[in-house]
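Contents: one structure, followed by commentary.
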């Protein structure tokens, strides 16, 4: 399998949970239409508002890099990047 799996864990700065999650939700429909996007899901913790996981599957690394360098991501970073308290990104491949 050559698909690239991305797991991004994002936590909002205190007091900015609602605004960050709203901005992240706006990305979902846009990104799902990107070439090479197989799956792009956003999940929020039931225990902590503003603690989210993006689970993504891309056809290949190039498709993901195009997404990350796209105008929609530039707009997101300009609008909501300052609301992010922490960010962790895992790049994975499915093995079973």
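Numbering (the UniProt record's numbering), first residue to last: 1 to 96. For each residue, glycine too, the CB sits at the ideal point set by N, CA and C.
Secondary structure of residue 74 (DSSP, three-state): helix. Here the C-alpha atom of residue 58 lies approximately 27 Å from the C-alpha atom of residue 17.
Counting C-beta atoms within 10 angstroms of its own C-beta, residue 24 has 16 or more neighbours from the protein chains shown and is therefore classed as buried. Per DSSP, the continuous alpha helix (DSSP H) segment holding residue 63 begins and ends at 61 to 68. A residue is called buried once 16 or more other Cβ atoms fall within 10 Å of its Cβ, and residue 43, having fewer, is exposed. DSSP, read as helix, strand or coil, puts residue 80 in helix.
Of the residues 39, 70, 75, 81, the one whose Cα lies closest to the Cα of residue 4 is 39.
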